[in-house]
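This note's numbering applies: residue 3 is where the sequence shown begins, and numbers increase by one. Idealized CB from N, CA, C, for every residue including glycine.
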Amino acid sequence: MSDYTEADVLLLAKRWQNSKRSYLLVNPLQAKHCPSDPGQALAMMCSLGWQVAEHYPQARLVIGFAETATAIGAAVADCLGPDCWYIQTTRENVLGGQSWLNFQEEHSHAVEQKLCGDRLAEAIEQSPQLVLVDDEFSTGQTLLNIVAQLRRHYPAAEGREIVAASIINRLQPANEQAWAAAGVKSEFLVRPQPLDYERLVADIPVAAAEELPSDAVKPDFKEIELPEPCLNPRLGLRIDAYQQNCRDNAAYLTAALTERLEFGAQLLVLGTEEFMYPALLAADCLACSGHFAGVRCHATTRSPIGVYAAAAYPVRNGNLLHSFYDENRRTYIYNLEQYDAALLFSDTQNAAAARLAQIDLARALSSWGCTQLFYVGGGANV
């Protein structure tokens with residue numbers, strides 16, 4: 003039984019100008035929209051993973067949904083065993099993939115998602131139970147969309163037990179009936195009381211994330227080259243290889259930064275969009291070094307969220323950024339605070355987009371007094 007409560011993992015925010023769904027549930031432990039203690043974030047994710055492993059020990063395929071559940075999915079896969087195959091859905095144009103399954107997340111700001119099918123048939127054949135991971139299930143329709151695609155394209159999936167794993171499960175009886183009819187079972191940490199979130203956010207006077215001034219500081223990111231590029235879970239991989247790759251890079255970065263930064267510094271580690279798990283493991287390793295007074299981790303995001311500077315509201319500041327992956331796409335960073343230094347991760351291959359995004363983040367961070375900036379190019383995966 004989960005020790006987590008609704009108060010631990012659920013804060014209510016208002017989406018910015020989204021006619022499909024006006025609210026957003028923000029998890030302060032997830033290291034996505036809010037700066038989080040990396041150890042606490044991983045503990046929550048692994049709590050779900052151990053629960054899944056206890057009830058479905060034969061599962062050897064985990065699919066994590068982009069972008070917010072990419073790290074959760076990897077943590078769940080790690081709990082199932084070293085030979086578990088992990089793959090995350092994506093909204094990106096990924097290098098190397100040949101075949102793709104497309105599906106939709108109807109309520110999202112970016113509805114189109116896809117799943118690489120290159121080695122999926124083999125992974126399904128070797129896994130009697132298939133685990134699909136998201137941070138939250140509300141209606142469960144996205145899950146049904148992808149299950150239908152899997153069964154349509156991979157006959158072996160028809161006889162497999164399907165498990166939907168999430169931190170939060172908000173399914174209502176009709177949704178649960180639809181899942182049961184589709185043969186989907188659920189694992190979750192928290193089921194909150196049903197509330198009218200649309201009504202609860204209606205009168206919150208939110209503002210848009212701020213545009214950054216064009217005449218502010220130019221970036222001075224010191225690039226740290228990793229000994230090995232980060233592996234790409236968008237194409238699928240064994241979780242032990244991904245874990246080893248992430249942890250080796252985390253140890254290397256910890257050695258590099260403890261040499262360069264003063265003892266007792268406050269450090270921010272930022273992932274970018276779907277690229278969250280390597281940043282989270284690096285942040286945890288840095289925190290465990292004992293060199294830093296505090297380490298926090300979160301990530302840039304595509305999600306437009308309303309900003310409101312009130313103590314009880316979870317998104318108190320925000321900046322509009324260029325995306326590291328596409329210079330024509332805008333992304334966001336929320337809840338910046340004062341840090342002595344920041345370490346930024348991305349696996350973009352788009353140098354022009356990365357440069358624009360670095361400029362934006364340097365300006366945003368410098369406005370909080372953070373001028374020691376480090377950049378890790380985690381490989382050219384997108």
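Item to complete: Run through the stretch 298 to 379 for me and flag every whole beta strand (DSSP E) of 3 or more residues, listed as ranges in chain order.
Response: For the stretch 298 to 379, the continuous beta strand (DSSP E) assignments of 3+ residues that do not extend past its boundaries occur at 320 to 324, 332 to 336, 343 to 348, 374 to 379, in sequence order.
Worksheet entry | Distance, leucine 152 Cα to threonine 144 Cα | Mapped onto the sequence shown, residue 144 falls at position 142. Mapped onto the sequence shown, residue 152 falls at position 150. The straight-line gap from Cα to Cα measures roughly 13 angstroms.
Worksheet item: Between the stretch 67 to 80 and the stretch 319 to 339, do three or more beta carbon pairs fall short of 8 angstroms?
Response: no
Item to complete: Inspect the beta-carbon positions of threonine 91 and glutamine 53 and report whether they are closer than 7 angstroms.
Response: The residue you call residue 91 lines up with position 89 of the sequence shown. The residue you call residue 53 lines up with position 51 of the sequence shown. Contact: no.
Fill in: Buried versus exposed call for aspartate 286 [16 or more other C-beta atoms within 10 Å across all chains shown]
Within the sequence shown, residue 286 is the residue found at index 284, counting from 1. Buried is the call here.
Worksheet item: Nearest-angstrom Cα distance between glutamate 329 and asparagine 321?
Response: Taking the sequence shown and counting its residues from 1, the one referred to as residue 329 is at position 327. Taking the sequence shown and counting its residues from 1, the one referred to as residue 321 is at position 319. If you draw a straight line from the Cα of glutamate 329 to the Cα of asparagine 321, it comes to about 16 angstroms.
Worksheet item: So, leucine 283 versus alanine 253, is the Cβ gap smaller than 7 angstroms?
Response: Indexing the sequence shown from 1 puts residue 283 at position 281. Indexing the sequence shown from 1 puts residue 253 at position 251. Result no, Cβ atoms of leucine 283 and alanine 253 do not sit closer than 7 angstroms.
Worksheet entry | Where threonine 7 falls: helix, strand or coil (DSSP) | Numbered from its first residue, the sequence shown carries residue 7 at position 5. Coil at threonine 7, not helix or strand.
Worksheet item: Where does lysine 16 land, buried or exposed, given buried means 16+ other C-beta within 10 angstroms?
Response: By 1-based counting over the sequence shown, the position of residue 16 is 14. Lysine 16 is buried by the Cβ-count criterion.
Practice prompt. For serine 38, I'd like the list of residues in its chain whose CB is within less than 7 angstroms of its CB, leaving aside the five on either flank, ordered along the chain.
Written response: For the purposes of this step, residue 38 is taken as the residue at position 36 of the sequence shown. Pro30, Leu31, Gln32, Arg298, Cys299, His300, listed in sequence order.
Worksheet item: Given glycine 266, which residues of its chain have a CB within under 6 angstroms of its CB, disregarding the five upstream and five downstream residues?
Response: Here residue 266 refers to the residue found at position 264 when the sequence shown is read from its first residue. So the qualifying residues of the chain are Ala295.
Worksheet item: Buried or exposed: alanine 344, going by 16 or more other Cβ atoms within 10 Å of its Cβ?
Response: Position 342 of the sequence shown, counted from the start, is the residue given in the question as residue 344. For alanine 344, the number of other beta carbons within 10 angstroms of its own is at least 16, and it is reported as buried.
Worksheet entry | Under the three-state DSSP convention, the category asparagine 104 falls into | In the sequence shown, the residue the question calls residue 104 occupies position 102. The answer is strand: DSSP assigns asparagine 104 an E or B state.
Worksheet item: Run through DSSP, which three-state label would tyrosine 58 get?
Response: By one-based count along the sequence shown, residue 58 stands at place 56. Coil.
Discussion item. I'd like to confirm the pairing. Which residues does DSSP put opposite alanine 15 in its beta bridges?
Written reply: Within the sequence shown, numbered from 1, the residue matching residue 15 stands at position 13. Partner(s): Leu26.
Practice prompt. Go ahead and pull the three-state DSSP assignment for arginine 201.
Written response: Looking up residue 201 in the sequence shown gives position 199. Helix.
Fill in: contact_flag[the stretch 204 to 217, the stretch 230 to 247] where n(CB pairs < 8 angstroms) is 3 or more
no
Practice prompt. Compute the Euclidean distance between the alpha carbons of leucine 269 and valine 186, then round it to the nearest angstrom.
Written response: Within the sequence shown, the letter at position 267 stands for residue 269. Within the sequence shown, the letter at position 184 stands for residue 186. Rounded to the nearest angstrom, the two C-alpha atoms are 41 angstroms apart.
Item to complete: Given a cut-off of 7 angstroms, decide if leucine 117 and glycine 142 are closer than it, judged by their beta-carbon atoms.
Response: Locating residue 142 in the sequence shown gives position 140, counting from the first residue. Locating residue 117 in the sequence shown gives position 115, counting from the first residue. The answer is no: Cβ separation not under 7 angstroms.
Worksheet entry | For proline 280, the nearest candidate out of Gly119, Gly75, Leu323 (CA to CA) | Counting from one through the sequence shown, the residue named residue 280 turns up at place 278. Shortest Cα-Cα distance from proline 280 to any of Gly119, Gly75, Leu323 involves Gly75.
Worksheet entry | leucine 191, buried or exposed, once every other Cβ within 10 Å from all chains shown has been counted against 16 | As a working note, residue 191 is residue 189 in the sequence shown. With 16 or more Cβ atoms within 10 Å of its Cβ, leucine 191 is classed as buried.
Discussion item. I'd like the list of long-range same chain contacts for leucine 44, defined as Cβ closer than 7 angstroms, with 5 residues on each side in sequence excluded.
Written reply: Numbered from 1 along the sequence shown, position 42 holds the residue referred to as residue 44. Contacts found: Ala77, Leu282, Asp286.
Item to complete: Could you name the residues that DSSP lists as bridge partners for tryptophan 87?
Response: Within the sequence shown, numbered from 1, the residue matching residue 87 stands at position 85. In DSSP, tryptophan 87 forms a bridge with Leu63, Arg240.
Worksheet item: Looking at C-beta atoms only, is the number of pairs between the stretch 301 to 312 and the stretch 197 to 208 that lie closer than 8 angstroms three or more?
Response: yes
Discussion item. Can you tell me whether glutamine 268 is helix, strand or coil according to DSSP?
Written reply: As a working note, residue 268 is residue 266 in the sequence shown. Three-state DSSP puts glutamine 268 in a strand.
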